[in-house]
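Sequential numbering of the sequence shown, starting at 432, is according to our numbering. Worksheet for the structure shown next.
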Amino acid sequence: MKLRTSAAAAALALAAALTLTACADDSGDGATPSASASSSPATEMPEPTKEDVAALESVKVEGDAGKEPKLSFKAPLEVSVPTSRVLDEGDGAEVAEGAQVTIDSVAYLGTDGTAQGSTWQQKAPMSFILGDANYGVLTEPLKGQKVGARLLVANPVQGQDGTTATMVNLVEITDTQKIPTRAEGEAVEPAEGLPTVTLDDAGKPSVEIPEGYEAPKELVTQTLIKGDGAKVTEDQTVTAQYTGWTLDGEQFDSSWDRGAPSSFSLQQVVAGWTQGLAGQTVGSQVLLVIPPDLAYGAQEGHELQKETLVFVVDILDAK
């Protein structure tokens, strides 16, 4: 996944160190959430070995809570499976699966002990839904912890060249809150001739493409539900439920099917997402019809390179 700024690249590197698979993706300039999302819910993590636990216990942490710490250890440090260790118990609200959690984190490469990224330096804490498959490695370690807790999390990360290295992260929980599971607001009558969206009882959308519908040459943005929250800006990270289809009605991605909303920066998605969601309000549901040049058109060999994409997005939060 090629990003647009060095700050965004650092943020993504840090996020990748905390994902379930942490596999690199060099698919182009920007991506829809499908570029890094698993199509199925997170699976149960394997148990760490005694050697994994001992490796993480060897990490020395210097620095007080609330500030960026310094990690030191004898390199190379390796674990075979995701491994965690609680450093400090928190005394704030308890973190529950399905709630939004906000963390600060710093990452070090186990191979040589070099720092790889820090939300403290970026002044940009990471927020996501606990249980989101994109952050599956954090689900069990953070569940039941309280705000203020600090944990070490080590994770084997596979690079683009097929080699695997361990990333060592210190994670500090700074906030948690419940957010809606679907868009809530005033229904908006869509323009005629657009794909028809139907919601099931839980709010999961399905779409019907009208017969003879012609692929638009420009981005189509249609608000379906108008939320009463703050306006989203293009520099924010949004938490959303979404489903994506090609213009023949074939679904290729859905956060609903993964069992949890996803969080992503509007600086790390295709231009159609950035342009279509910026200016919308939190709580809204938005239909996007994105032509290839605002999606994957420039990404040679991408399976969706020539496709016009249809999305229904429920904007649940923005930070």
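By construction, the Cβ of each residue, glycine as well, lies at the ideal position given by its N, Cα and C atoms. Keep in mind it's a predicted model, so treat the numbers as computed, not measured.
Cross-strand partners of residue i (DSSP beta bridge)
{"i": "Pro-587", "result": "Thr-597"}
{"i": "Lys-574", "result": "The partner list for Lys-574 (beta bridge, DSSP) is empty, contrary to what the question assumes."}
{"i": "Leu-735", "result": "Note: Leu-735 sits in no beta bridge, so no partner."}
{"i": "Trp-687", "result": "Answer by DSSP bridge pairing: none, since Trp-687 is not bridged."}
{"i": "Glu-639", "result": "Thr-627"}
{"i": "Met-476", "result": "Answer is none; Met-476 lacks a bridge partner."}
{"i": "Thr-668", "result": "Ser-696"}
{"i": "Tyr-539", "result": "Ala-546 and Val-599"}
{"i": "Glu-645", "result": "Glu-645 is not bridged to any residue."}
{"i": "Gln-711", "result": "Beta-bridge pairing links Gln-711 to no other residue."}
{"i": "Asp-519", "result": "Arg-581"}
{"i": "Ser-558", "result": "Thr-533"}
Euclidean distance between Cα positions of residue i and residue j
{"i": "Lys-635", "j": "Asp-495", "result": "43 Å"}
{"i": "Val-484", "j": "Val-517", "result": "12 Å"}
{"i": "Glu-509", "j": "Leu-540", "result": "10 Å"}
{"i": "Lys-574", "j": "Ala-580", "result": "11 Å"}
{"i": "Ile-721", "j": "Leu-740", "result": "5 Å"}
{"i": "Gly-675", "j": "Asp-688", "result": "11 Å"}
{"i": "Tyr-673", "j": "Ala-749", "result": "15 Å"}
{"i": "Gln-589", "j": "Phe-504", "result": "21 Å"}
{"i": "Val-578", "j": "Gly-728", "result": "42 Å"}
{"i": "Ile-534", "j": "Gln-547", "result": "16 Å"}
{"i": "Leu-582", "j": "Glu-681", "result": "41 Å"}
{"i": "Lys-498", "j": "Ala-555", "result": "13 Å"}
{"i": "Leu-601", "j": "Val-700", "result": "26 Å"}
{"i": "Ile-610", "j": "Val-599", "result": "30 Å"}
{"i": "Ile-560", "j": "Ser-694", "result": "7 Å"}
{"i": "Val-638", "j": "Ala-622", "result": "15 Å"}
{"i": "Glu-738", "j": "Glu-478", "result": "41 Å"}
{"i": "Pro-472", "j": "Asn-565", "result": "The pLDDT assigned to Pro-472 is 45, lower than 50, so where the model puts this residue is not dependable; a value taken from the coordinates is nonetheless given after this. Computed Cα separation, rounded: 9 Å."}
{"i": "Ser-489", "j": "Glu-482", "result": "11 Å"}
{"i": "Val-537", "j": "Leu-487", "result": "15 Å"}
{"i": "Val-568", "j": "Thr-605", "result": "18 Å"}
{"i": "Ala-661", "j": "Thr-712", "result": "5 Å"}
{"i": "Glu-525", "j": "Pro-587", "result": "28 Å"}
{"i": "Met-476", "j": "Pro-572", "result": "11 Å"}
Closest by C-alpha distance to residue i, when choosing among the options
{"i": "Gln-736", "options": "Thr-677, Ile-746 and Asp-688", "result": "Thr-677"}
{"i": "Ala-646", "options": "Pro-611, Ala-585 and Leu-725", "result": "Leu-725"}
{"i": "Thr-612", "options": "Ala-618, Ala-633 and Val-743", "result": "Ala-633"}
{"i": "Asp-659", "options": "Gln-716, Phe-695 and His-733", "result": "Gln-716"}
{"i": "Ala-671", "options": "Phe-742, Thr-605, Glu-493 and Val-578", "result": "Phe-742"}
{"i": "Asp-522", "options": "Glu-639, Thr-664, Tyr-644 and Glu-603", "result": "Glu-603"}
{"i": "Glu-734", "options": "Phe-683, Ala-486 and Leu-718", "result": "Phe-683"}
{"i": "Pro-513", "options": "Val-532, Val-584, Asp-606 and Thr-652", "result": "Val-584"}
{"i": "Gly-714", "options": "Thr-705, Gln-531 and Val-663", "result": "Val-663"}
{"i": "Leu-502", "options": "Ala-524, Val-638 and Gly-544", "result": "Gly-544"}
{"i": "Val-744", "options": "Glu-738, Gln-730 and Thr-705", "result": "Thr-705"}
{"i": "Gln-698", "options": "Ser-686, Asp-666, Leu-719 and Gln-711", "result": "Asp-666"}
{"i": "Gly-690", "options": "Val-526, Leu-487 and Thr-570", "result": "Thr-570"}
{"i": "Thr-421", "options": "Thr-597, Thr-668 and Asn-565", "result": "Lying outside 432 to 750, the shown extent of the chain, residue 421 is not represented and no answer is given."}
{"i": "Gln-531", "options": "Gln-608, Ser-685 and Gly-593", "result": "Gln-608"}
{"i": "Leu-719", "options": "Glu-731, Tyr-644, Gln-730 and Gly-703", "result": "Gly-703"}
{"i": "Ile-746", "options": "Gly-707, Thr-594 and Pro-723", "result": "Gly-707"}
{"i": "Pro-692", "options": "Glu-520, Ser-515 and Glu-528", "result": "Glu-528"}
Collapsed DSSP secondary structure at residue i in the structure displayed
{"i": "Pro-723", "result": "helix"}
{"i": "Thr-629", "result": "strand"}
{"i": "Ser-470", "result": "Since pLDDT at Ser-470 reaches only 38, below the 50 mark, its modelled position is unreliable, and the value read off the structure follows with that caveat. The answer is coil: DSSP assigns Ser-470 none of H, G, I, E or B."}
{"i": "Lys-609", "result": "coil"}
{"i": "Gly-675", "result": "strand"}
{"i": "Ala-564", "result": "helix"}
{"i": "Thr-730", "result": "In the sequence as displayed, the identity of residue 730 is Gln instead of Thr. Reduced to three states, the DSSP call for Gln-730 is coil."}
{"i": "Ala-702", "result": "helix"}
{"i": "Phe-695", "result": "strand"}
{"i": "Glu-525", "result": "strand"}
{"i": "Thr-550", "result": "helix"}
{"i": "Ala-506", "result": "coil"}
{"i": "Ala-749", "result": "strand"}
{"i": "Val-651", "result": "strand"}
{"i": "Lys-481", "result": "helix"}
{"i": "Ala-618", "result": "strand"}
{"i": "Gln-682", "result": "strand"}
{"i": "Glu-499", "result": "coil"}
Contact the stretch 648-657 vs the stretch 613-630: 3+ CB pairs below 8 Å: Judged by Cβ distances under 8 Å, the stretch 648-657 makes contact with the stretch 613-630, as three or more pairs qualify.
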